[in-house]
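Below is one structure; the comments refer to it alone.
Protein chains: 2
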Amino acid sequence: MRNPVFNLSPDSFDGLSETNSLPPRGMGKVCVYSTIPDPTCGITLGMEVPSSVESISVILATEYWGIFLLRDRKFFPAIKVISSETLMQSREDTANKVLQDTGAVLIPSFNDGHFISFAIVNFHTQVRIKPFAQQTPVLTSDTLDSIAGRKLYFKCECFQKGGAFKFRGACNAIFSLDDDQATKGVVTHSSGNHAAALSLAAKLRGIPAYIVIPKDAPKCKVANVKRYGGHVIFSEPSMQSREDTANKVLQDTGAVLIPSSNDGRIISGQGTISLEFLEQASEIDTLIVPISGGGMISGVALAAKAINPAIHILAAEPMGANDAFQSKSNGRITKLSEVNTIADGLRAFLGDLTWPIVRDLVDDVIVVDDKEIIQAMKLCYEVLKIAVEPSGAIGLAAVLSDGFLKNPVYSECNHIGIVLSGGNVDLGVLWNSFDK
Amino acid sequence: MRNPVFNLSPDSFDGLSETNSLPPRGMGKVCVYSTIPDPTCGITLGMEVPSSVESISVILATEYWGIFLLRDRKFFPAIKVISSETLMQSREDTANKVLQDTGAVLIPSFNDGHFISFAIVNFHTQVRIKPFAQQTPVLTSDTLDSIAGRKLYFKCECFQKGGAFKFRGACNAIFSLDDDQATKGVVTHSSGNHAAALSLAAKLRGIPAYIVIPKDAPKCKVANVKRYGGHVIFSEPSMQSREDTANKVLQDTGAVLIPSSNDGRIISGQGTISLEFLEQASEIDTLIVPISGGGMISGVALAAKAINPAIHILAAEPMGANDAFQSKSNGRITKLSEVNTIADGLRAFLGDLTWPIVRDLVDDVIVVDDKEIIQAMKLCYEVLKIAVEPSGAIGLAAVLSDGFLKNPVYSECNHIGIVLSGGNVDLGVLWNSFDK
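If you want it as structure tokens, here you go:
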């Protein structure tokens, strides 16, 4: 049995961003057949699954991972990803088998006018950034395990190039630009770690990075940007001023805007954390990730759920910037009029791309105060022996908080992966003390 | 051709510590045939090679490594280690081949009254400590590479159990005790890291550890000992008081003394650093190791030279406690009347076991001052993002010192492995600053 629609070649694919309704012949079961050769971006947000659809099988060559569909604006869980070999023949054969087994309707491709588009994060991202990014180590500590009453695994993204996980997304974004786009450079406005990461990735590609930084950013973060060759342009602290300044640079230079979180290339890049982490410690049943703009947790959640759909994804958020917690409670993106936390990397708000993923794939947001963050930071230095910034230590703070330890919901979370997201912190007071 | 002396069984071996002269039939070339089944200690210092001996071939089953012989109290370099399979037959066949090829005299075993004893550090140590010790990660940094003008590899022993490399030796020592010895516990006098490590290893074996600590030791080190269940007994700061107090504990308890450096079990345990490091980064051509009592650098040098005889071994030592530098210059163990350095872990002196190894296998001692140590520590925190103690950062200080960078001897050292030995440092001033 050979279906003629299989004759579509990969060349006929022209993008993941199209959206469409199911074909009129739509039935309860659907088989999606991917011809995606190598989407530049690596992720597109999933669109609505009509209520008539019961389940979806997706045939993907094994290098792809991370599927995300929505129904009624919620994550659609009844999806089965079936791996095939990369060869077109294998994909076709596998799809045919599913059709025979399930009686599903075939959705052959992404550009024939009747398909469900979906989110896909792929291994090409991992391959793309591999020559540049560090595979960061995972540390464990019996001392912290006994404090937490659980086995903890620490993914040390503070050791990532540029001192934070941000390099993964920045690197993916920059190396997925075509040469014409890349020549004019990139621009962003960032509180720091994304800025440093983008500067470094741009330097590696040999293109300019224009970085708009609010005047009140920590000195060490500005220094990082300069160290990596970024062109620093200061703005006022307000988001309006930051955006206006960035727009002016865009107009002046023709550079490409690379947002820090709300961007498919960024989300896909950060998702490589899960790929490494769950290979390094496959027994992990729960991931705890700092949340700010939601780029990291979106990528981490998509990739982790693709590998292990039963995995718990928890966000850790500071009390003084708890927009994600409020957004989840309100069922819509909720922004704050002001933020106040020592965790300077966690002051951004969710965006329209990250919000649906956080809403549907993040099981809970654990809110901690600054005192808990500092205590966790201290444990990182004194027990783990690593230098983390406040934003980086918040995952450990969440695991040690009453909100987590005393909640019976989490009693089954026994193997917890914590992303220590960054280590760019100003320790001037420490060095001054040695001069005495 | 089968030599009857091969009929000695492994059971006839009764210890590595015997010493003897060459047999009367001694000739210029010697073939040593090892029947060592599993020396508990893993290392015995080599004894004199008579002047009549030109070269020595040693047949060892592949699980052994680290050969060390002396002539005129100097390392005897004309030694060739030939690996065989573990099976006795293979060792015999290999030895026979050497005899045929070289016309050497055979020294069949270690207990027949006429042999050369030698130092041997073995893989059994690695197997013994593996269930307990961390395989610490190796970090790299483009930023530090460009400062140093070389490729640097950082072995993060600050992530070792107990916060320092000391756990390797302590663990080897404690788990090589037989049950009768072990029951009565262990005792040591230590400035801190060895004490914590010994406490932890003793706890893992379920035996008591009695720790004599000078009153002026940093608080965090005392806290570590207590955290790991060690019984703390304070002494005066002087070495005499420390030794007297330890001797009293020995008499009272019948415990086994485990010195911090000058001990074969300790040296062998620390040697596992090289085994891991050179497997993680085989391109390393130079190792830089902090030196204090010399236990770590002895083990590191023996193991590294066994793997790659051409490797450079450099010691890093603080100006205010430069006894190893002076000892090398004077050609004899030289102790200092007082020491003064921020590197509190590097105040001990070489011992009679570590000195010959340092004298003959350590190519040079690079001396740095406290200011250079603090600067290196800062780079570890701000660039590598790891919390090291002053003693732990000294290897980086040495690589960045004029004494190293401007010495043409080191121009060929391009892939440098630096052991960041520990991370137990009091950061109270940092945490106090957050309370403001």
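Chains A and B, in that order, are what the protein sequence lines are. Take the first sequence: its position 89, counting from 1, is numbered 89 in full-length UniProt numbering, and each next residue is one higher. Take the second sequence: its position 267, counting from 1, is numbered 267 in full-length UniProt numbering, and each next residue is one higher. No residue lacks a Cβ here, since even glycine has one placed at the ideal position from N, Cα and C.
1) Quick check on DSSP: helix, strand or coil for R212 (chain A)?
2) Are the C-beta atoms of S433 (chain B) and some chain A residue less than 8 Å apart?
3) Does the segment 255-262 of chain A come within contact of the segment 349-358 of chain A, defined as at least 3 CB pairs closer than 8 Å?
4) Relative to chain B, which residues along the segment 219-230 of chain A have a C-beta separation below 8 Å, given in chain order?
5) Answer with yes or no whether the minimum CB distance from F132 (chain A) to chain B is below 8 Å.
6) Could you tell me the alpha carbon to alpha carbon distance between N415 (chain B) and K184 (chain B), rounded to whole angstroms?
7) So, I373 (chain B) versus A348 (chain B), is the Cβ gap smaller than 8 Å?
8) Count the C-beta pairs between the segment 123-138 of chain A and the segment 166-174 of chain A that are closer than 8 Å, then say yes if the count reaches three, no if not.
9) What residues in its chain sit with their C-beta under 7 Å from that of D285 (chain A), if we drop five residues either side in the sequence?
10) At what residues does the alpha helix (DSSP H) containing residue 509 (chain B) begin and finish?
11) Quick one: which residues of the segment 206-217 of chain B get their C-beta closer than 8 Å to a C-beta of chain A? List them in chain order.
12) Who are the Cβ neighbours of K219 (chain A) in its own chain at under 7 Å, not counting the five residues just before and after it?
13) What did DSSP end up calling A182 (chain A) once you bin it into helix, strand or coil?
14) With a 10 Å radius around its C-beta and 16 neighbouring C-beta atoms as the bar for buried, classify P237 (chain A) as buried or exposed.
15) Can you give me, in chain order, the residues of the segment 396-428 of chain B that have a beta carbon less than 7 Å from any beta carbon in chain A?
16) Within the same chain, show all residues whose beta-carbon is closer than 8 Å to that of T253 (chain B), passing over the 5 residues directly before and after it, in chain order.
17) Check the Cβ-Cβ distances between E382 (chain B) and every residue of chain A, and say whether any is below 8 Å.
18) Report the residues of the segment 164-180 of chain A with a CB closer than 7 Å to any CB of chain B, ordered along the chain.
19) For a contact defined as C-beta to C-beta under 7 Å, what are the partners of P137 (chain B) on chain A?
20) At least one CB of chain B closer than 8 Å to the CB of L430 (chain A): is that the case?
21) Could one say the Cβ of F159 (chain A) lies closer than 8 Å to chain B's Cβ atoms, at least one of them?
22) Check whether the segment 191-205 of chain B and the segment 222-237 of chain B touch, using three or more Cβ-Cβ pairs below 8 Å as the test.
23) Quick check: A321 (chain A) and V368 (chain A), are their CB atoms within less than 8 Å of each other?
24) Can you give me the start and stop residues for the alpha helix (DSSP H) that G295 (chain A) sits inside?
25) With H, G and I counted as helix, E and B as strand and the rest as coil, what does DSSP make of K335 (chain A)?
26) Report the rounded CA-to-CA distance for K244 (chain B) versus G345 (chain B), giving the unit in angstroms.
27) Please list, in chain order, all residues of the same chain as V249 (chain B) whose beta carbon is under 8 Å from its beta carbon, the five residues on each side excluded.
28) To test your reading of the DSSP string, which unbroken alpha helix (DSSP H) runs of 4 or more residues are found completely within the segment 361-414 of chain B?
29) Please name the residue in B:I394, B:T272, B:L200, B:T94 whose C-alpha comes closest to that of T125 (chain B).
30) Would the segment 278-298 of chain B and the segment 417-426 of chain B be scored as touching if the rule is three or more Cβ pairs under 8 Å?
31) Is it buried or exposed, R150 (chain A), if we count other Cβ atoms within 10 angstroms and call 16 or more buried?
32) Taking only beta-carbon positions, decide if A196 (chain A) is within less than 8 Å of chain B.
33) Using 8 Å as the limit for Cβ to Cβ distance, is I386 (chain A) near chain B?
34) So which of A:L405, A:N432, A:L99, A:D435 has the shortest CA-CA distance to I147 (chain A)?
35) With burial defined as no fewer than 16 other Cβ atoms inside 10 Å of the residue's Cβ, what is the status of F110 (chain B): buried or exposed?
36) Determine which residues share a DSSP beta bridge with S235 (chain A) and list them.
On the basis of the supplied data:
1) Residue numbering aside, residue 212 (chain A) sits at position 212 when the first sequence is read from its first letter. Checking the sequence shown, residue 212 (chain A) turns out to be Val, not Arg. Look at V212 (chain A) here: in three-state DSSP terms it is strand.
2) Translated into positions along the second sequence, residue 433 (chain B) becomes position 433. In terms of beta-carbon proximity, S433 (chain B) lines the interface with chain A, with at least one pair separated by less than 8 Å.
3) Yes, the segment 255-262 of chain A touches the segment 349-358 of chain A.
4) Using a CB distance below 8 Å, the part of the segment 219-230 of chain A facing chain B consists of C220, R227, ordered along the chain.
5) For this step, residue 132 (chain A) is matched to residue 132 along the first sequence. Contact of F132 (chain A) with chain B is not assigned, every C-beta pair being separated by 8 Å or more.
6) Counting from one through the second sequence, the residue named residue 415 (chain B) turns up at place 415. Counting from one through the second sequence, the residue named residue 184 (chain B) turns up at place 184. Looking at the sequence itself, residue 415 (chain B) is His, so the reference to Asn does not match. Whole-angstrom Cα-Cα distance: 46 Å.
7) Within the second sequence, the letter at position 373 stands for residue 373 (chain B). Within the second sequence, the letter at position 348 stands for residue 348 (chain B). Inclusion of I373 (chain B) and A348 (chain B) in the CB contact set at 8 Å is not warranted, their separation being larger than that value.
8) Remark: three or more beta-carbon pairs, one from each stretch, lie closer than 8 Å, so the segment 123-138 of chain A and the segment 166-174 of chain A are flagged as touching.
9) Residue mapping note: residue 285 (chain A) aligns to position 285 of the first sequence, counting from 1. In chain order, I311, H312, C413, N414, H415 place their CB closer than 7 Å to the CB of D285 (chain A), counting only its own chain and leaving out the 5 sequence neighbours on each side.
10) As shown, chain B starts at 1 and ends at 436. That puts residue 509 (chain B) outside it, with no answer to give.
11) With the criterion set as a beta carbon lying under 8 Å from some beta carbon of chain A, the segment 206-217 of chain B has no members that meet it.
12) Taking the first residue of the first sequence as 1, we reach residue 219 (chain A) at position 219. Correct list, in chain order: D426.
13) Numbered from its first residue, the first sequence carries residue 182 (chain A) at position 182. In the structure shown, A182 (chain A) sits in a helix (DSSP, three-state: H, G or I).
14) Stepping through the first sequence from its first residue, residue 237 (chain A) is reached at position 237. Per the 10 Å Cβ criterion, exposed.
15) Those residues of the segment 396-428 of chain B that come within reach of chain A (Cβ to Cβ, closer than 7 Å) are G423, L427.
16) Within the second sequence, the letter at position 253 stands for residue 253 (chain B). Excluding residues up to 5 positions away in sequence, K184, G185, V187, P208, Y210 lie with their Cβ nearer than 8 Å to the Cβ of T253 (chain B) in the same chain.
17) As a working note, residue 382 (chain B) is residue 382 in the second sequence. Yes, E382 (chain B) lies at the interface with chain A (some Cβ there is under 8 Å from its Cβ).
18) Under the 7 Å Cβ criterion, the segment 164-180 of chain A contributes no residue.
19) Counted from its first residue, the second sequence places residue 137 (chain B) at position 137. Near P137 (chain B) (Cβ distances below 7 Å), the residues of chain A are P137.
20) As a position in the first sequence, residue 430 (chain A) is number 430, starting the count at 1. Answer yes: the Cβ-Cβ gap between L430 (chain A) and chain B drops below 8 Å somewhere.
21) In the first sequence, counting from the first residue as 1, residue 159 (chain A) sits at position 159. Closer than 8 Å: yes.
22) These segments touch.
23) The residue labelled residue 321 (chain A) in the question sits at position 321 within the first sequence. The residue labelled residue 368 (chain A) in the question sits at position 368 within the first sequence. Result no, Cβ atoms of A321 (chain A) and V368 (chain A) do not sit closer than 8 Å.
24) As a working mapping, residue 295 (chain A) is identified with position 295 in the first sequence. Note, G295 (chain A): alpha helix (DSSP H), 295-307.
25) Here residue 335 (chain A) corresponds to residue number 335 of the first sequence, with the count starting at 1. Secondary structure of K335 (chain A) (DSSP, three-state): coil.
26) As a first step, residue 244 (chain B) must be located in the second sequence, where it is residue number 244. As a first step, residue 345 (chain B) must be located in the second sequence, where it is residue number 345. A quick correction: the sequence has Asp, not Lys, at residue 244 (chain B). Distance between the alpha carbons of D244 (chain B) and G345 (chain B): 21 Å.
27) In the second sequence, residue 249 (chain B) corresponds to position 249, counting from 1. Cβ within range, chain order: V187, Y210, V212, I233, A255.
28) As far as the segment 361-414 of chain B is concerned, its whole alpha helix (DSSP H) runs of at least 4 residues are 370-379, 390-399, 402-405.
29) As a first step, residue 125 (chain B) must be located in the second sequence, where it is residue number 125. Answer by Cα proximity: B:T272.
30) Taking 8 Å as the limit for Cβ pairs, the verdict is that the segment 417-426 of chain B does touch the segment 278-298 of chain B.
31) As a working mapping, residue 150 (chain A) is identified with position 150 in the first sequence. Buried, because 16 or more other Cβ atoms sit within 10 Å of the Cβ of R150 (chain A).
32) By one-based count along the first sequence, residue 196 (chain A) stands at place 196. Answer no: the Cβ-Cβ gap between A196 (chain A) and chain B never drops below 8 Å.
33) Within the first sequence, the letter at position 386 stands for residue 386 (chain A). When Cβ-Cβ separations below 8 Å define contact, I386 (chain A) makes contact with chain B.
34) On the first sequence, position 147 is the one that residue 147 (chain A) refers to. When only C-alpha atoms are compared, the closest one is A:L405.
35) Walking along the second sequence from the start, residue 110 (chain B) turns up at place 110. A caution first: F110 (chain B) carries a pLDDT of 43, below 50, which makes its placement in the model too unreliable to give a value.
36) Within the first sequence, the letter at position 235 stands for residue 235 (chain A). In the DSSP output, where bridge partners are listed per residue, S235 (chain A) has A:P214.
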